[in-house]
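**Student:** Numbering (this note's numbering), first residue to last: 52 to 138.
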Amino acid sequence: MATVWIPAQLLTECGGRRQIEAPGRTVGEVLRNLERDCPGLLARLAPNGELAPDLAVSVDGAIGTLGLLEPVEPTSEVFLVPALQGG
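#1: Roughly how many angstroms separate the alpha carbons of Ala134 and Pro58, rounded to a whole number?
#2: With three or more C-beta pairs closer than 8 Å as the rule, is the region 52-68 touching the region 112-130?
#3: Do you know how far the Cα of Arg87 is from the Cα of Pro104?
#4: Just the Cα atoms here: how many angstroms apart are Asp101 and Glu121?
#5: Helix or strand or just coil, what does DSSP make of Leu62?
#6: Can you check DSSP and say which residues form a bridge with Ser109?
#7: If you draw a straight line from the alpha carbon of Arg76 to that of Leu117, how long is it in whole angstroms?
#8: Could you tell me which of Glu124, Gly115, Arg68, Met52 sits nearest to Cys89, measuring between CA atoms?
#9: Would DSSP call Pro125 helix, strand or coil?
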């Protein structure tokens, strides 16, 4: 199963856990399976079936360009990377 790293902004939805294992062959499958452990998380990460515009996903250190279709291996590390805000 892939290891998903949870950013500080989403810790509440995941019971305070910083990392969670979830199965899936794509980012979308991993996020849908992550929803079982973190109810409500999918609605924040992929409203309308696409990654939220203020979120990037890194798989094994690379920022993907395929969004929810980005491939994931069973040994992958998936990082949810919220956009930096400020001014």
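Built from N, CA and C at the ideal position, the CB exists for glycine as well.
**Tutor:** On the basis of the coordinates in this document:
#1: Between Ala134 and Pro58, the C-alpha separation is close to 11 Å.
#2: A contact between stretches requires three or more CB pairs, one per stretch, nearer than 8 Å, and the region 112-130 meets this requirement with the region 52-68.
#3: Taking the straight line joining both Cα atoms gives about 23 Å.
#4: With the sequence shown as reference, residue 101 is identified as Glu, and Asp is not the correct amino acid for it. Going from the Cα of Glu101 to the Cα of Glu121 covers about 12 Å.
#5: Note: Leu62 maps to coil in three-state DSSP.
#6: Beta-bridge pairing links Ser109 to Ile114, Phe130.
#7: Our two residues, Arg76 and Leu117, have alpha carbons roughly 13 Å apart in a direct line.
#8: Measuring from the Cα of Cys89, the nearest candidate turns out to be Arg68.
#9: Pro125: coil per DSSP, three-state reduction.
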